[in-house]
């Protein structure tokens, strides 16, 4: 079972692949979408959940999503058809870091996908290349809420604390105009949902050859969360505008 298939199964009950509840997603999109006739781009869209919610809430919005997972894009297409927004959604199977867009966008999203670019600063640099004048970026990434263990750093990389994260964003030429710090309940709910959905699939498919791997992956993820980063990881979403635009 490849990583993309594992991710799809693990997000079955939590389609937003980040630790945010539905109300937090709604409020962030209300702050980020600059107008009903805007164009939005999601770099690393996965199953397209952010774009699908933006499209259903803004009847004149058009959107494009970029991801390397064909199965995730297929899921997005099916959901868009079911929701009646497929005519306003274009999906690209491509590396988000090298995506050559044909035009600029009023909103660029990259929530939980900054690893595809090598980190937050590099993600914002890529987003800037796609941003139309007056546009906004909605980005989401982890930060250290408390000093991390060595295990947490090995698992999640070289993050910084919240003030330092904001200082780096501002120094890079961005001004925050909105944001959300995930609550402990949102963080825990996401992890329980991720591990629980994957384990449930394994238990519901006792004869599947991938059952053992799914259970092992769920167990390892849960152990890494509880023993490695639960007490230190936070998650931040920011709505940003270029400071000098």
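Numbering (my numbering), first residue to last: 559 to 803. Glycine is no exception: its CB is placed at the ideal position from the N, C-alpha and C atoms.
Contact under 9 Å by Cβ, residue i with residue j
i           : j           : result
residue 633 : residue 752 : no
residue 699 : residue 794 : yes
residue 624 : residue 603 : yes
residue 567 : residue 773 : no
residue 577 : residue 740 : yes
residue 728 : residue 696 : no
residue 754 : residue 579 : no
residue 503 : residue 591 : The first residue shown for the chain is 559 and the last is 803, placing residue 503 beyond what the model contains.
residue 652 : residue 680 : no
residue 796 : residue 721 : no
residue 601 : residue 671 : yes
residue 731 : residue 802 : yes
Collapsed DSSP secondary structure at residue i in the structure displayed
i           : result
residue 566 : helix
residue 789 : coil
residue 615 : helix
residue 645 : helix
residue 777 : helix
residue 690 : strand
residue 733 : strand
residue 673 : helix
residue 578 : coil
residue 782 : helix
residue 632 : helix
residue 717 : coil
Limits of the alpha helix (DSSP H) - the one that residue i falls within
i           : result
residue 654 : From DSSP, residue 654 is part of no alpha helix (DSSP H); its letter is neither H nor E.
residue 762 : 742-762
residue 706 : No alpha helix (DSSP H) holds residue 706; DSSP gives it neither H nor E.
residue 721 : 720-729
Boundaries (first-last residue) of the beta strand (DSSP E) holding residue i
i           : result
residue 621 : 620-625
residue 663 : 663-669
Any chain C beta carbon closer than 9 Å to residue i
i           : result
residue 782 : No chain C appears in the structure shown, which is made up of a single protein chain.
Check: Are the segment 680-689 and the segment 750-763 touching by the rule of at least three beta carbon pairs closer than 8 Å?
Finding: The segment 680-689 vs the segment 750-763: no contact.
Next item on the list: Please list the segments of the beta strand (DSSP E) lying wholly inside the segment 582-610, counting only runs of 3 or more residues, in order along the chain.
Entry: Runs of the beta strand (DSSP E) inside the segment 582-610: 597-601.
Item checked: Cβ pair count under 8 Å reaching 3, the segment 649-662 against the segment 597-616 -> yes
Next item on the list: Would you be able to state if there are at least three C-beta pairs under 8 Å between the segment 610-620 and the segment 705-713?
Entry: Judged by Cβ distances under 8 Å, the segment 705-713 makes no contact with the segment 610-620, as fewer than three pairs qualify.
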